[in-house]
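Chemist: Structure incoming, see below.
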Amino acid sequence: LRRRRGQAYLLFFFSSVVWTLRSLHYFIDMPADKVAYTWFWWATNASLSWVMILIYLFAFTLIGLFVAISRDTIQIVRAFGDVLRIVLALSLGIEIFSGILIDTPLPFLAVHGNLGTLGPISGIEESRDQLGLVAIIGAISFATEHRTRSVPRLTSVLSLVLAGLCIALTQSPVIAFATVVVAIAAVV
12 LRRRRGQAYL LFFFSSVVWT LRSLHYFIDM PADKVAYTWF WWATNASLSW VMILIYLFAF
72 TLIGLFVAIS RDTIQIVRAF GDVLRIVLAL SLGIEIFSGI LIDTPLPFLA VHGNLGTLGP
132 ISGIEESRDQ LGLVAIIGAI SFATEHRTRS VPRLTSVLSL VLAGLCIALT QSPVIAFATV
192 VVAIAAVV
């Protein structure tokens, strides 16, 4: 006989406990004290959110394990690089549209349209630091693709130029420092 794995049972146990807490307010009276009522609400209603978070974490873990087992590292880097190429190209495209073509900010996308003045850009990300971080991760991924020759040379060079352009246009001191640290780490 083999011992059963307990992770699924543990997840079921926690979700059952939380679901019981969630249903508790149907069976007992609400507390009269304001503080007790707030804590009771948090323990009953917010517990459903914790169940969903646990289920999502469990599902993402299974997906990550499946990808790690079924693919090799270069395939994962190429897929990641493709997604980052799309994000950076879309960010730069939105900035060109907003800053140069229509010269109007797009507040619903948090795009200020500063590309005409070579000002800080954020693209489809929320802030310039987020775009810079995505560009740094993209530059690392594109350099890995270039070194392993997993994509055509022109694609990897243009991708590196795109990442460098996004890093330069964010004009973020945090991203500039992080880029220097990554460059030093790459040389060493």
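Read in order, the letters of the sequence shown correspond to residues 12 to 199 in the working numbering.
Even glycine gets a Cβ: it sits at the ideal position worked out from N, Cα and C.
Please look up how many angstroms separate the CB atoms of G92 and S170, rounded, as I've assumed it's under 8 Å.
Modeler: Right, the Cβ-Cβ distance comes to about 7 Å (below 8 Å), so this counts as a contact.
Chemist: Could you tell me whether the region 158-176 touches the region 86-100, using the rule of 3 or more Cβ pairs below 8 Å?
Modeler: yes
Chemist: Thinking C-beta only, is W61 closer than 7 Å to V29?
Modeler: yes
Chemist: One question on the structure: do I209 and T190 come within less than 7 Å of each other, judged by their Cβ atoms?
Modeler: What the structure shows of the chain is the stretch from 12 to 199, and residue 209 is not part of that stretch, so it cannot be assessed.
Chemist: Considering only their Cβ atoms, is the gap separating L99 from L173 smaller than 7 Å?
Modeler: yes
Chemist: Note down, in chain order, each residue of its chain lying with its Cβ closer than 7 Å to the Cβ of E136, except the 5 sequence neighbours on either side.
Modeler: S102, L142, V145
Chemist: When you compare each of G175, F71, S183 to A194 by their alpha carbons, which one comes out closest?
Modeler: Out of G175, F71, S183, G175 has the C-alpha closest to the C-alpha of A194.
Chemist: Suppose the cutoff is 8 Å on Cβ atoms and the five residues either side in sequence are ignored; what does the same chain contact list for P116 look like?
Modeler: S109, V122, H123, G124
Chemist: Is it right to say R96 is buried, meaning 16 or more other beta carbons lie within 10 angstroms of its own, or is it exposed?
Modeler: Residue environment: R96 is assigned as buried (16 or more neighbouring CB atoms within 10 Å of its CB, all protein chains considered).
Chemist: With distance defined between alpha-carbon atoms, name the residue in Q86, I132, F153, D83 nearest to I107.
Modeler: Nearest C-alpha to I107: I132.
Chemist: What's the C-alpha gap between I64 and G127?
Modeler: So the alpha carbons of these two residues sit roughly 42 Å apart.
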